[in-house]
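Engineer: If you scroll down you'll find the structure; I have some questions about it.
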Amino acid sequence: MNDCRAAVITSHNQPLEIQRVRIPDPLEPGALLVKITASTLCGTDVHRWHGPLPDGDTLPIITGHEPCGIVEAINGDRTDILGKPVKPGDRIVWSYVSCGSCYYCSVALQPCICSGRASWGHNRSDQYPYLLGSCAEYMYVPPPCLIIKVPEEVSSASAAASACAYRTVMHGFDRLGAIKSHESVVIQGSGPLGNFATAVARDHGAKKVMVIGAPAARLEVTKRMGADAVLNLEEVTDPKDRRAWVRDRTEGRGADVVIQVANNMAVPEGLTLLRKGGRYLNIGAGGNANISVKSLPQEMIFHTIRSAEPRHWLQAIDFLASRKKTFPFEEMISASYTLDQVNDAMQAMASYQVVKAAIKFQ
Ligand SMILES: [Zn+2]
Ligand SMILES: [Zn+2]
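If you're matching positions, the sequence shown starts at 1 in the working numbering and goes up one per residue.
Printed below as a string of structure tokens:
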């Protein structure tokens, strides 16, 4: 076994090719080779396929950055993030790696904005270690990655979604701090991040969770994830009416917490939904932010969240396992494909036909 099949972007906007890509051999000390069980797709994969993104990546790349897989080989002894030994046969997810020595890593202690951070789904597949994209039969796990074991009760597809969407939500709640039992939360967006955030807000003790999103089918999932009230953007098209909807449910003040997981264009409206002195959480703040606001709520706190630290991968996996009976997490993975159907999966994501597509492997 010295190569494996992978979905490769060879030119932007063209169908991905299923190619044979080299498996690095031998592995570096501390590195792992993982047999992928599921890879979920994310909007970023679509943007990169349409690309090029401004980060200067060059083709060919194996698409995908949300993997879950089974350890096939390890060079040396490794332990997981909790100090337990990792063995071949363990099902795992693994973190990104920050450099550890730049200003952001070592002084500011904000490793998610480290410019030397290693991440997946944008690395050349013709250069060592080749397998750094998740839509492939195998992936290489570089030595500094922290490893999180996936318990039996969490599906591979949900674990894969923890490797991007869900752990970013956990990072957001970490920064937000405690939600008090009298506080109300408004979530802007009803995709995987919005629906996962709904469950976390409910679980963290919010008095009321209100979600503004679309389409209706997604909002049905949102309700089952714990929302007290949902508002369909396609039906209530005037932002003034949406603001009134929130005010009616918050004694006229606006929400204590507003969480934006749609895109930056939703920020101006989101700020009108927040009470004075409230907290605004802007998750996934990449992309266009050419926005204008009439006024800012007085004494508010505004957080922007990028990616996550290794502990948030653990928190997301742990949440999926321990709250499995309370929330129907599997409903957020809306379609499954084989590796050979990767182009259908990418098209479905690009046209918003599916919320979260998963590539599943045998
Ligand atoms: Zn992602
Ligand atoms: Zn750094």
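For every residue, glycine included, the Cβ atom is placed at its ideal position computed from N, Cα and C.
List the whole-angstrom C-beta distance separating residue 58 from residue 45, where the pair is believed to meet the contact cut-off of C-beta under 8 Å.
Structural biologist: Going by Cβ atoms, the distance from residue 58 to residue 45 rounds to 17 Å, so no, they are not a contact pair.
Engineer: Using the beta-carbon count (16 or more within 10 Å), is residue 177 buried or exposed?
Structural biologist: exposed
Engineer: Consult DSSP for residue 161 and reduce its assignment to one of helix, strand or coil.
Structural biologist: helix
Engineer: Unbroken beta strand (DSSP E) runs of length 3 or more, entirely within the region 212-248: which are they?
Structural biologist: 229-232
Engineer: Consult DSSP for residue 377 and reduce its assignment to one of helix, strand or coil.
Structural biologist: The structure shown does not extend to residue 377, since the chain spans only 1 to 362, so no value can be given for it.
Engineer: Bridge partners of residue 140, per DSSP?
Structural biologist: 33
Engineer: Spell out a yes or no on whether the region 15-35 and the region 98-117 are touching, meaning 3 or more CB-CB pairs, one atom from each, closer than 8 Å.
Structural biologist: no
Engineer: Relative to ligand 3, is the shortest distance from any of its heavy atoms to the C-beta of residue 96 smaller than 8 Å?
Structural biologist: This structure lacks ligand 3; the ligands present are ligand 1 and ligand 2.
Engineer: Can you have a look at residue 123 and say buried or exposed, based on whether 16 or more other CB atoms are within 10 angstroms of its CB?
Structural biologist: buried
Engineer: If you run the structure through DSSP and keep just helix, strand and coil, what is residue 327?
Structural biologist: coil
Engineer: Pair every Cβ in the region 196-203 with every Cβ in the region 162-175, then say whether three or more of these pairs are closer than 8 Å.
Structural biologist: A contact is defined here as three or more CB-CB pairs under 8 Å, and the region 196-203 meets this definition with respect to the region 162-175.
Engineer: Go through its chain and collect everything with a Cβ distance to residue 262's Cβ below 8 Å, but skip five positions before and after it.
Structural biologist: 188, 189, 191, 194, 213
Engineer: Where does residue 412 sit, in a helix, a strand or coil, going by DSSP?
Structural biologist: Look at the range of the chain in this structure, 1 to 362, and you will see that residue 412 is not part of it.
Engineer: For a test of the three-state rule: what should DSSP assign to residue 22, helix, strand or coil?
Structural biologist: strand
Engineer: Just tell me which of 352, 5, 308 has its CA closest to the CA of residue 165.
Structural biologist: Among 352, 5, 308, the Cα nearest to that of residue 165 is on 308.
Engineer: Per DSSP, what are the beta-bridge partners of residue 303 in this structure?
Structural biologist: 281
Engineer: Our contact map puts residue 76 next to residue 29 with C-beta atoms below 8 Å; I'd like the distance itself, whole angstroms only.
Structural biologist: Contact holds; Cβ gap of about 5 Å.
Engineer: I want to know whether the region 306-324 touches the region 145-162 - three or more CB-CB distances under 8 Å.
Structural biologist: yes
Engineer: For a test of your reading of the model: does the CB of residue 307 fall under 8 Å from any non-hydrogen atom of ligand 2? Yes or no.
Structural biologist: no
Engineer: Per the contact definition of three or more C-beta pairs closer than 8 Å, is the region 244-261 in contact with the region 215-227?
Structural biologist: no
Engineer: So, for residue 330: in the same chain, excluding its five sequence neighbours on each side, which residues have a beta-carbon less than 7 Å away from its beta-carbon?
Structural biologist: Around residue 330: 155, 158.
Engineer: In angstroms with no decimal places, state the Cα-to-Cα distance between residue 361 and residue 19.
Structural biologist: Each residue's Cα considered, the two are about 16 Å apart.
Engineer: Tell me which same chain residues have a C-beta within less than 6 Å of the C-beta of residue 85, skipping the five on either side of it?
Structural biologist: 79
Engineer: From what residue to what residue does the beta strand (DSSP E) around residue 8 run?
Structural biologist: The continuous beta strand (DSSP E) containing residue 8 extends over residues 3-9.
Engineer: Whose C-beta lies closer than 6 Å to the C-beta of residue 229 among residues of the same chain, with five residues either side of it excluded?
Structural biologist: Excluding positions up to five away in sequence, the list reads 210.
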